[in-house]
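Single-structure report; data block below.
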Amino acid sequence: MIGKWWAKRQAKKRLQQEKNIILSASNIDISSINTLICLAGPYRNLTTLTASVAALHPNCQVLNHAHERILPHHEVDFFSDYTSDKWNRFLQYGLRISLGGERGRTGGSIMHSHAFDHGNVKDLYQKRYAENPIKDHVKSILWKEGLYLANHLRKHNVDPLYLIKQQKKLKFVLPIRNVLDCAVSNKKTTLAFIFDDINEDSSLKEIITAILEEHLAFFKRQQKMPAHFFHFFEHSFDKETLIAYCHFANIPFDEQWALDVLSIFNIKSKYTHCQETIQFYKEEVENKFDDYPEIKTKLLAFCS
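Per this note's numbering, numbering of the sequence shown is gapless, rising by one per residue and ending at 485.
Here you go:
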């Protein structure tokens, strides 16, 4: 009983602290922000790498995770009930908490993520921006909290297309990792449980289906509002992808940034998959993506 009381008290205290930060962030200038880009799709899907790509750009700021610090607050949750005031407060609060925070779901600065523990990403960032947690001229914010946000929208029966009609600066990006690798990684880490219909009893095949369904929903929306949805595949990422992303995010292309990103974008599969799983995946792709032949070909390329 004492443990539950203490946890409840601490949660209430954190909630009030967050409300105070929301209030204190109201003086942050957001007039330069051209786009808010939300990651779409599952976790273990190049999400941290995509966030690192954005973080290395001189005009991008990344907000890592932090849905538990954002979505409970109606003052900033424009996703479930849009108003322009909530949009503005979200941007201000997002910028504010992206300066600090911690690792894991608490989130905040991408510099607390495992991508910045050591190696190239951290070195490249520090070489250009030193220890500064934010750039001087932020024009785009990337929020790395894909599936939790998607679940939140579904819970409140909100279509992302509706939100975009309310706010033209809102966009979504979907990185696409080898789906079989993504599924195995989701199962091993239990992040698959974030899917509404996946639990500890779910099979790898069910997780593959859930991932493909999430991808398919993205492409259906992209077909209707292509300027607001951007995707790229792990196996075909190059400089042209980066040029296209800058156009999408409404930020200038930066040559040094492109060189830095291409130097870290090196994906090697560490999983092997049985023929039964591969065949199941192929059949799922054939059935689900028949109306998207180009996408289908690229998804099947993971098995070639």
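In this text, a Cβ means the ideal position worked out from N, Cα and C, and glycines have one as well.
Reduced DSSP category for residue i - H, G, I as helix; E, B as strand; rest coil
{"i": "H412", "result": "strand"}
{"i": "G285", "result": "helix"}
{"i": "V243", "result": "strand"}
{"i": "C455", "result": "coil"}
{"i": "L480", "result": "helix"}
{"i": "N208", "result": "helix"}
{"i": "E199", "result": "helix"}
{"i": "D472", "result": "coil"}
{"i": "S233", "result": "helix"}
{"i": "H295", "result": "helix"}
{"i": "T228", "result": "helix"}
{"i": "D158", "result": "The chain is shown only over 182 to 485; residue 158 falls outside these bounds and no answer can be derived."}
Whether residue i touches residue j by CB criterion (8 angstroms)
{"i": "I357", "j": "H409", "result": "no"}
{"i": "S321", "j": "R225", "result": "no"}
{"i": "G289", "j": "N245", "result": "yes"}
{"i": "K350", "j": "N208", "result": "no"}
{"i": "F483", "j": "L230", "result": "no"}
{"i": "Q242", "j": "S205", "result": "no"}
{"i": "F418", "j": "L355", "result": "no"}
{"i": "M406", "j": "I345", "result": "yes"}
{"i": "I448", "j": "E421", "result": "no"}
{"i": "A221", "j": "F353", "result": "yes"}
Those residues which DSSP pairs with residue i across a bridge
{"i": "S290", "result": "L244"}
{"i": "C219", "result": "W324 and F353"}
**Prompt:** Is there contact between the region 186-202 and the region 312-324, where contact requires at least three CB pairs shorter than 8 angstroms?
**Reply:** no
**Segment contact flag, the region 352-362 with the region 450-458, C-beta cutoff 8 angstroms, min 3 pairs** = yes
Complete beta strand (DSSP E) runs within the region 311-373 (minimum length 3 residues, chain order): 321-325 and 351-357
Checklist entry - How do the region 253-260 and the region 329-346 stand: do at least 3 beta-carbon pairs fall below 8 angstroms, yes or no? => result yes
Quick check: the region 296-306 against the region 378-390, are there 3 or more CB pairs under 8 angstroms?
no
Quiz prompt | alpha helix (DSSP H) segments (min. 4 residues) lying fully within the region 382-443 | solution = 385-405 and 420-430
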